[in-house]
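Asker:
Numbering (this note's numbering), first residue to last: 30 to 399.
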């Protein structure tokens with residue numbers, strides 16, 4: 030951007046900001062004193078847009094720092110909670126009558142957690158034909174993981190409930206569980222899939238939503254036409270592989286011949302496409318005006334994306350060739366951006382250079398904290 034013929038023009042901008050308010054005009058001068066005066070005239074607090082970042086970049090850093098501080102504070106607050114030990118047989122009876130159980134509040138919380146979760150998760154019916162379907166095998170694995178984890182969570186909560194009521198002896202595992210719930214942290218034995226840094230209350234609510242989707246899948250007339258919350262799967266990468274295998278099996282072609290075409294806003298699937306929901310975009314928004322949607326600038330931290338159609342087409346088809354000039358946007362598992370799932374080719378306006386979107390760190394997330 031800087032080393033080009035236009036950089037000698039008087040109206041040249043040092044950054045590639047699209048908003049005129051945040052454009053940094055190049056200095057006019059030849060001597061060192063003139064450049065120093067231009068530097069002194071700049072705002073004392075630099076703007077993130079000068080280096081191509083979104084204007085709200087500092088706000089995002091403050092939010093992350095606040096979440097980290099809050100989690101540390103909860104850990105320190107919960108570390109003071111101890112599990113009461115059994116008293117001696119010859120101890121004072123007055124203390125046992127007047128003293129209150131410090132786990133009463135936690136026991137109430139545990140009961141609410143148990144009531145919010147389903148009792149069990151039935152598995153899908155197996156048959157010779159269903160085992161040949163890649164989508165069915167993908168969802169069957171999801172339900173197996175969900176059922177196993179649900180049984181583990183309910184068993185731990187039942188033991189913890191007994192410890193709070195005094196009917197179960199407190200073991201080291203139960204003490205660790207009490208420590209985690211007091212600090213609102215997710216127990217390690219529950220982390221069977223990748224998840225963002227959230228509290229145990231948020232984790233249970235999210236886990237319940239994942240189980241509800243699996244229950245809806247069991248009642249769906251067609252697994253392929255089901256509108257899927259892809260971020261609600263335990264392993265969303267497996268869905269992309271299974272959907273590709275299903276189309277390749279139907280078309281009788283190899284997997285290498287099929288490539289992905291993404292249509293944001295399409296909600297009518299055919300035999301070769303899949304509809305997903307719950308996507309969010311960071312660093313940009315989606316403009317639905319016109320015949321075909323495209324990326325647009327925004328100062329919002331996160332923007333919800335309409336339902337999206339995923340279509341596997343042959344690599345030599347015109348439908349795929351039309352997307353070769355589109356912007357390749359990474360798709361992450363969640364807002365932590367630590368797990369890359371895939372990349373979608375999305376239409377971008379022609380008057381905005383691709384470097385602008387890259388500097389703004391535009392991406393899609395399958396799961397976003399509500």
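C-beta: ideal position from N, C-alpha, C; glycine also.
With H, G and I counted as helix, E and B as strand and the rest as coil, what does DSSP make of residue 97?
Answerer: In the chain shown, counting from the first residue as 1, residue 97 sits at position 68. DSSP places residue 97 in helix when its eight states are reduced to three.
Asker: Which same chain residues end up closer than 7 angstroms to residue 148 when comparing Cβ atoms and leaving out the 5 residues on each side of it in sequence?
Answerer: Your numbering for residue 148 matches position 119 in the chain shown. Excluding residues within five positions, none has a Cβ falling inside 7 angstroms.
Asker: May I ask which residues mark the beginning and end of the alpha helix (DSSP H) holding residue 142?
Answerer: Residue 142 sits at position 113 when you count from the first residue of the chain shown. Note, residue 142: alpha helix (DSSP H), 133-145.
Asker: Using a 10 Å radius around the Cβ and a threshold of 16 neighbouring Cβ atoms, would you call residue 192 buried or exposed?
Answerer: As a first step, residue 192 is located in the chain shown; it is residue number 163 there, counting from the start. In the assembly as shown, residue 192 is a buried residue. Its beta-carbon has 16 or more other beta-carbons within 10 Å.
Asker: Quick one: using the 10 Å Cβ neighbour count with 16 as the cut-off for buried, is residue 263 buried or exposed?
Answerer: As a working mapping, residue 263 is identified with position 234 in the chain shown. Buried, by the Cβ-count rule.
Asker: Under three-state DSSP, which class holds residue 40?
Answerer: For the purposes of this step, residue 40 is identified with residue 11 of the chain shown, where counting begins at 1. In the structure shown, residue 40 sits in coil (DSSP, three-state: anything other than H, G, I, E or B).
Asker: Which same chain residues end up closer than 7 angstroms to residue 230 when comparing Cβ atoms and leaving out the 5 residues on each side of it in sequence?
Answerer: For the purposes of this step, residue 230 is taken as the residue at position 201 of the chain shown. Closer than 7 angstroms at the Cβ level, and outside the excluded window around residue 230, lie 213.
Asker: Should residue 97 go down as buried or exposed, given a rule of 16 or more other Cβ atoms within 10 Å for buried?
Answerer: Counted from its first residue, the chain shown places residue 97 at position 68. Exposed: under 16 other Cβ atoms inside 10 Å.
Asker: Helix, strand or coil: which one does DSSP assign to residue 253?
Answerer: Here residue 253 is taken as the residue at index 224 of the chain shown, counted from 1. Coil.
Asker: Give me, in chain order, the residues of the same chain whose beta-carbon lies closer than 8 angstroms to that of residue 365; leave out the 5 immediate sequence neighbours on both sides.
Answerer: Counting from 1 along the chain shown, the entry for residue 365 is found at position 336. Excluding sequence neighbours, residue 365 sits near 225, 226.
Asker: Taking residue 334 as the reference, give the member of 345, 310, 346, 258 with the closest Cα.
Answerer: To locate residue 334, count along the chain shown from 1; it is residue 305. Ranked by how close their Cα comes to the Cα of residue 334, the residues 345, 310, 346, 258 have 310 in first place.
Asker: Residue range of the alpha helix (DSSP H) that residue 165 falls in?
Answerer: If you number the chain shown from 1, residue 165 lands on position 136. 163-194 is the extent of the alpha helix (DSSP H) around residue 165.
Asker: Looking only at C-alpha atoms, which of 250, 380, 254, 71 sits nearest to residue 326?
Answerer: Here the question's residue 326 lines up with position 297 in the chain shown. Residue 326 has its Cα closest to that of 380, out of 250, 380, 254, 71.
Asker: Tell me residue 341's beta-bridge partners as DSSP assigns them.
Answerer: Position 312 of the chain shown, counting from 1, holds the residue named residue 341. Answer is 289, bridged to residue 341.
Asker: Under the three-state reduction of DSSP, which class applies to residue 361: helix, strand or coil?
Answerer: As a position in the chain shown, residue 361 is number 332, starting the count at 1. Correct three-state label for residue 361: strand.
Asker: Might you give, ordered along the chain, the residues of its own chain that have their beta carbon closer than 8 angstroms to the beta carbon of residue 87, omitting 5 neighbours on each side?
Answerer: Looking up residue 87 in the chain shown gives position 58. Excluding residues within five positions, the ones whose Cβ falls inside 8 angstroms are 77.
Asker: Out of 42, 304, 63, which has the shortest C-alpha to C-alpha gap to residue 54?
Answerer: Position 25 of the chain shown, counting from 1, holds the residue named residue 54. Taking the Cα of residue 54 as reference, the smallest distance to any Cα among 42, 304, 63 is reached at 42.
Asker: Flag this pair as touching only if the stretch 344-356 and the stretch 281-292 have three or more C-beta atom pairs under 8 angstroms; answer yes or no.
Answerer: Touching, yes.
Asker: Identify the continuous beta strand (DSSP E) that holds residue 373 and give its terminal residues.
Answerer: Here residue 373 refers to the residue found at position 344 of the chain shown. Taken as a continuous stretch (DSSP letters only), the beta strand (DSSP E) holding residue 373 covers 369-375.
Asker: Helix, strand or coil: how does DSSP classify residue 54 here?
Answerer: Position 25 of the chain shown, counting from 1, holds the residue named residue 54. If DSSP states are grouped into helix, strand and coil, residue 54 belongs with the strands.
Asker: Count the C-beta pairs between the stretch 253-263 and the stretch 296-309 that are closer than 8 angstroms, then say yes if the count reaches three, no if not.
Answerer: Yes: at least three Cβ pairs fall under 8 angstroms.
Asker: Rounded to whole angstroms, what is the Cα-Cα separation between residue 355 and residue 382?
Answerer: Working through the chain shown from its first residue, we reach residue 355 at position 326. Working through the chain shown from its first residue, we reach residue 382 at position 353. Going by C-alpha positions, residue 355 is about 12 angstroms away from residue 382.
Asker: Which residues does DSSP pair with residue 258 in a beta bridge?
Answerer: Here the question's residue 258 lines up with position 229 in the chain shown. BP columns for residue 258 point to 306.
Asker: Within its chain, find whatever has a CB closer than 8 angstroms to the CB of residue 313; leave out the 5 residues flanking it on each side and keep chain order.
Answerer: Counting from 1 along the chain shown, the entry for residue 313 is found at position 284. So the list reads 324, 325, 326, 327, 332, 386, 389, 391, once near-sequence residues are dropped.
Asker: State the beta-bridge partners of residue 311 as determined by DSSP.
Answerer: The sequence position of residue 311 within the chain shown is 282, counting from 1. Partner(s): 392.
Asker: Applying the 10 Å Cβ sphere with the 16-neighbour rule, what's the burial state of residue 210?
Answerer: Within the chain shown, residue 210 is the residue found at index 181, counting from 1. That one is buried.
Asker: Going by the DSSP bridge assignment, what does residue 320 pair with across the sheet?
Answerer: Residue numbering aside, residue 320 sits at position 291 when the chain shown is read from its first letter. Paired residues: none, contrary to the question.
Asker: Please report the distance separating the alpha-carbon of residue 367 from that of residue 396.
Answerer: Along the chain shown, one-based indexing puts residue 367 at 338. Along the chain shown, one-based indexing puts residue 396 at 367. Their backbone Cα atoms lie some 12 angstroms apart in a straight line.
Asker: With DSSP collapsed to three states, give me the class of residue 217.
Answerer: Within the chain shown, residue 217 is the residue found at index 188, counting from 1. In the structure shown, residue 217 sits in a helix (DSSP, three-state: H, G or I).
Asker: Have a look at the DSSP bridge pairing and note the partners of residue 333.
Answerer: The residue you call residue 333 lines up with position 304 of the chain shown. Looking at the DSSP assignment, residue 333 forms a beta bridge with 309.
Asker: Just how far apart, CA to CA, sit residue 200 and residue 184?
Answerer: Your numbering for residue 200 matches position 171 in the chain shown. Your numbering for residue 184 matches position 155 in the chain shown. So the alpha carbons of these two residues sit roughly 14 angstroms apart.
Asker: Assuming residue 152 and residue 173 form a contact by the criterion Cβ under 8 angstroms, report the distance between their Cβ atoms to the nearest whole angstrom.
Answerer: Here residue 152 is taken as the residue at index 123 of the chain shown, counted from 1. Here residue 173 is taken as the residue at index 144 of the chain shown, counted from 1. About 7 angstroms; that satisfies the 8 angstroms criterion.
Asker: Assuming residue 349 is part of the alpha helix (DSSP H), what are its boundary residues?
Answerer: Within the chain shown, residue 349 is the residue found at index 320, counting from 1. It spans 347-350 - the alpha helix (DSSP H) in which residue 349 sits, taken as one unbroken run.
Asker: Give the DSSP-derived three-state secondary structure of residue 75 in the structure shown.
Answerer: Position 46 of the chain shown, counted from the start, is the residue given in the question as residue 75. Coil, per DSSP.
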